[in-house]
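Structure record follows, encoded as structure tokens.
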Amino acid sequence: MNASSPGREDALVLRRAFEHACAYLDGVAERPVGPSGAAAELRAAIGGPLPESPIDPVAALDALVAAVTPGIVATAGPRYFGFVTGGALPISVAADWLTAAWDQNAAAHVMSPALSIVEETAGRWVTELLGLPAGVSYGFVTGATMANWTGLAAARHELLSRTGWDVEADGLTGAPAISVIVGEERHATIDLVVRYLGLGTNAITVVPADAQGRLDVGALPAALEATRGRPTIVCAQSGNVNTGAFDPIGAICDLAHAPDVGAWVHVDGAVGAWVAAVAERRHLVVGWNRADSWATDAHKGLNVPYDCGIVLCAHPEAHRAACAWIAPYLGATVDGRDNHHWAPESSRRARALPVYAALAQLGRNGVAEMVDRCCVLASRFADRLRLVPGVEICNDVASNQVLVRFDDSDTRTAAVVAAVQSSGECWMGATVWKGRAAMRISVSNWSTTEADVDRSVAAIVRAVAATKAAP
Ligand SMILES: *Cc1c(COP(=O)(O)O)cnc(C)c1O
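Each residue of the sequence shown is one higher than the one before, counting from 567 in the numbering used here.
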């Protein structure tokens, strides 16, 4: 180590990391797509005892890259269609590198005025992009789970304070019971945040969903009637993780916000919120600007690196009351936003910077084009696959998700999914939709092209043939 020039050593290892990152991304479109590397081999390479003493940082980095690379999943590449993973736009990766290099604590304005204003601006831009009312409050959190948590924490505050109960001071013991109405096909993390908030999953009333997974709005009045007189949260969903379907949010708001009901409407838009940026697809979320809180994931549809979720709230006082904390050492902020008042975390990375950078580079039209392209490519998947004998498309492809079933058989479907996954050409996950096995295709990466879809369809066709030929 050269104590007289520590800066030079920093730069060396950072430049090396840059070379590794660029080499990886240059090859990501052609490397085998799915998980590879047996756990035992990876553990042998990555594991081992805690080292005793320092070594050269470049050597440490090279060793790390060599050990890890065989087990990296090509989620950044154009033919990974598993879960709803999203890619990472180059501008957002670049901004993420700087987020780490600058190492700002984005908790408070005084710790980084510039990054506080970046977050302020990114929040305002997202609000506008998603067609939400000016002046909604927002917080940048790790993901949609915590965004859902924050929205429901604001709801808990607001609904209980309307009954005269101060939940922040008095907790939930002895408080009026809160009811949470959800659709049958809500995301599992809604139940989790209901647990985290101390409401308990027995507070949940489930409303049936239709064939696409949309909350059946015809069944909502009865559910609201059953919770009448109690503080009630209705959790709607914009973008089902399997089908990509959207709950009829306008109709839900009409019912939940009727003067004699007064429920809080929260929208889990982890997957689907970004379609609100696309003029031709905005009908999917029509009326959603009338909800009380919204959650979304920038690390999915907006294609920024993990981890980045966003909560937005139409009741800034309730949002702040649920999350704010004060300490004498932080002082009072004079001219800026202290981000920690709007999220459950205090110290944290400046995760709004990659969002700001993506929006600054792409603009409204660039985001709309990227989100729309993913949906158009999902339709291309469905259209091509429908022509393959024995293939059934199980959902209406309204956004970026496609569910595929083979020979109307759970075993055939599982076999085709497994064969596609092991081909390395592309990667799609398996799911169960309405009790039947299906292949789940999520198009959510900025870099996917028509050629990638066609190549993936060809891989599926080969997998269908290969698994049929098998004994
Ligand atoms: C992904 C997802 C979540 C959870 O988001 P995380 O980013 O994993 O915390 C919640 N709801 C829906 C609909 C999702 O797709």
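Virtual Cβ for every residue (Gly too), placed ideally from N, Cα, C.
Alpha carbon to alpha carbon, how far is L630 from L580? Give it in angstroms, no decimals.
The residue you call residue 580 lines up with position 14 of the sequence shown. The residue you call residue 630 lines up with position 64 of the sequence shown. Rounded to whole angstroms, L580 to L630 spans 14 Å at the Cα level.
For ligand 2, which residues count as neighbours when the test is a C-beta closer than 5 Å to any heavy atom?
Ligand 2 is absent from the structure shown, which contains only ligand 1.
Taking 8 Å as the cut-off, does the stretch 722-734 touch the stretch 665-684 (at least 3 CB pairs, one atom from each stretch)?
The stretch 665-684, when compared against the stretch 722-734, does not touch it at the 8 Å Cβ threshold.
Can you tell me whether N931 is buried or exposed, with buried defined as 16 or more other CB within 10 angstroms of its CB?
One-based indexing of the sequence shown puts residue 931 at position 365. Per the 10 Å Cβ criterion, exposed.
Does the pairing of the stretch 935-954 with the stretch 714-725 give three or more beta-carbon distances under 8 Å?
Touching, no.
Roughly how many whole angstroms lie between the Cα atoms of A1003 and G995?
For the purposes of this step, residue 1003 is taken as the residue at position 437 of the sequence shown. For the purposes of this step, residue 995 is taken as the residue at position 429 of the sequence shown. Computed Cα separation, rounded: 11 Å.
Assign G614 to one of two classes, buried (16 or more other C-beta atoms within 10 Å of its C-beta) or exposed (fewer than that).
Here residue 614 is taken as the residue at index 48 of the sequence shown, counted from 1. Per the 10 Å Cβ criterion, exposed.
Label Y895 either buried or exposed according to how many other C-beta atoms from any shown protein chain fall within 10 Å of its C-beta, with 16 as the threshold for buried.
Residue 895 sits at position 329 when you count from the first residue of the sequence shown. When all chains shown are included, Y895 counts as exposed.
Name, in chain order, the residues that DSSP records as bridge partners for R1002.
On the sequence shown, position 436 is the one that residue 1002 refers to. According to DSSP, which records beta bridges pairwise, R1002 is partnered with W999.
Nearest to V998 (by Cα), restricted to the options W891, R971 and D1020:
As a position in the sequence shown, residue 998 is number 432, starting the count at 1. It is R971 whose Cα lies nearest to the Cα of V998.
Please report how far the alpha carbon of C889 lies from the alpha carbon of T716, in whole angstroms.
Your numbering for residue 889 matches position 323 in the sequence shown. Your numbering for residue 716 matches position 150 in the sequence shown. So the alpha carbons of these two residues sit roughly 8 Å apart.
Run through the DSSP bridge pairs and tell me what S878 is partnered with.
Mapped onto the sequence shown, residue 878 falls at position 312. The sequence given here has Leu at residue 878, not Ser. Note: L878 sits in a beta bridge opposite Y704 and W860.
What's the call for W1012, buried or exposed, on a 16-neighbour Cβ count within 10 Å?
As a first step, residue 1012 is located in the sequence shown; it is residue number 446 there, counting from the start. Around the beta carbon of W1012, a 10 Å sphere encloses 16 or more other beta carbons of the protein chains shown; the residue is thus reported as buried.
Got a sec? Which residues, its chain only, sit under 6 Å from T641 by beta carbon, not counting five neighbours each side?
The count along the sequence shown starts at 1 and reaches residue 641 at position 75. Around T641: T651.
Is the stretch 919-929 in contact with the stretch 826-836, if contact means three or more CB pairs nearer than 8 Å?
no
Would you call the stretch 794-801 in contact with the stretch 747-761, where contact means no fewer than 3 C-beta pairs closer than 8 Å?
yes
Could you compute how far the alpha carbon of E846 sits from the alpha carbon of M936?
In the sequence shown, the residue the question calls residue 846 occupies position 280. In the sequence shown, the residue the question calls residue 936 occupies position 370. Distance between the alpha carbons of E846 and M936: 13 Å.
A916 and T687 closer than 8 Å at C-beta:
Here residue 916 is taken as the residue at index 350 of the sequence shown, counted from 1. Here residue 687 is taken as the residue at index 121 of the sequence shown, counted from 1. No, these two residues do not count as a Cβ contact at 8 Å.
Along the alpha helix (DSSP H) that carries L1046, what are the first and last residues, could you check?
Missing from the structure shown is residue 1046; the chain here goes from 567 to 1037 and no further.
Decide yes or no for the touch test of the stretch 693-703 against the stretch 962-969: beta carbon pairs closer than 8 Å, at least 3 of them.
Not touching, per the Cβ criterion.
Extent of the continuous beta strand (DSSP E) to which A802 belongs
Taking the first residue of the sequence shown as position 1, residue 802 is located at position 236. That run of the beta strand (DSSP E) goes T798 to Q803.
Output the residue ranges of the beta strand (DSSP E) runs that lie fully inside the stretch 775-859 and measure 3 residues or longer, sorted by chain position.
Segments of the beta strand (DSSP E) lying fully in the stretch 775-859: 798-803 and 830-834.
For I747, does the three-state DSSP call read helix, strand or coil?
Position 181 of the sequence shown, counted from the start, is the residue given in the question as residue 747. Strand, per DSSP.
Taking 8 Å as the threshold (C-beta atoms), are A843 and G805 in contact?
Position 239 of the sequence shown, counting from 1, holds the residue named residue 805. Position 277 of the sequence shown, counting from 1, holds the residue named residue 843. Cβ distance not < 8 Å, so G805 and A843 don't count as in contact.
What's the gap between the Cα of G637 and the Cα of D813?
Locating residue 637 in the sequence shown gives position 71, counting from the first residue. Locating residue 813 in the sequence shown gives position 247, counting from the first residue. Answer to the nearest angstrom: the Cα atoms are 38 Å apart.
Span of the beta strand (DSSP E) around V772
Taking the sequence shown and counting its residues from 1, one reaches residue 772 at position 206. Its beta strand (DSSP E) spans residues I770 to V773.
Under 8 Å, with one C-beta from each stretch per pair, do the stretch 698-710 and the stretch 871-886 reach the 3-pair mark?
yes
Closest to L608 by CA distance: which of S619, A633 and V772 is it?
In the sequence shown, counting from the first residue as 1, residue 608 sits at position 42. Measuring C-alpha to C-alpha distances from L608 to each of S619, A633 and V772 identifies A633 as the nearest.
Express the C-alpha separation of H907 and D901 in angstroms, rounding to a whole number.
As a working mapping, residue 901 is identified with position 335 in the sequence shown. As a working mapping, residue 907 is identified with position 341 in the sequence shown. Roughly 15 Å between the two C-alpha positions.
T771 to L758 span [Cα, whole Å]
Numbered from its first residue, the sequence shown carries residue 771 at position 205. Numbered from its first residue, the sequence shown carries residue 758 at position 192. For T771 and L758, the distance between alpha carbons rounds to 14 Å.
Can you tell which of Y762, V877, A934 and A605 has its C-alpha closest to the C-alpha of T635?
Along the sequence shown, read from residue 1 onward, the residue named residue 635 stands at position 69. With distances taken between Cα atoms, T635 lies closest to A605.
Are the Cβ atoms of R645 and C992 separated by less than 8 Å?
By 1-based counting over the sequence shown, the position of residue 645 is 79. By 1-based counting over the sequence shown, the position of residue 992 is 426. Yes.
Given that a residue counts as buried once 16 or more other Cβ atoms are within 10 Å of its Cβ, and exposed if not, what is G779?
Within the sequence shown, residue 779 is the residue found at index 213, counting from 1. Its Cβ being crowded by 16 or more others within 10 Å, G779 is buried.
Starting from V957, follow the beta strand (DSSP E) in both directions and report where the run begins and ends.
If you number the sequence shown from 1, residue 957 lands on position 391. Segment V957 to I959, the beta strand (DSSP E) holding V957.
Between which two residues does the alpha helix (DSSP H) harbouring R1028 extend?
Looking up residue 1028 in the sequence shown gives position 462. Unbroken alpha helix (DSSP H) run through R1028: E1016 to A1035.
Measuring CB to CB, does V968 end up less than 8 Å from A1029?
Taking the first residue of the sequence shown as 1, we reach residue 968 at position 402. Taking the first residue of the sequence shown as 1, we reach residue 1029 at position 463. Not closer than 8 Å, so no.
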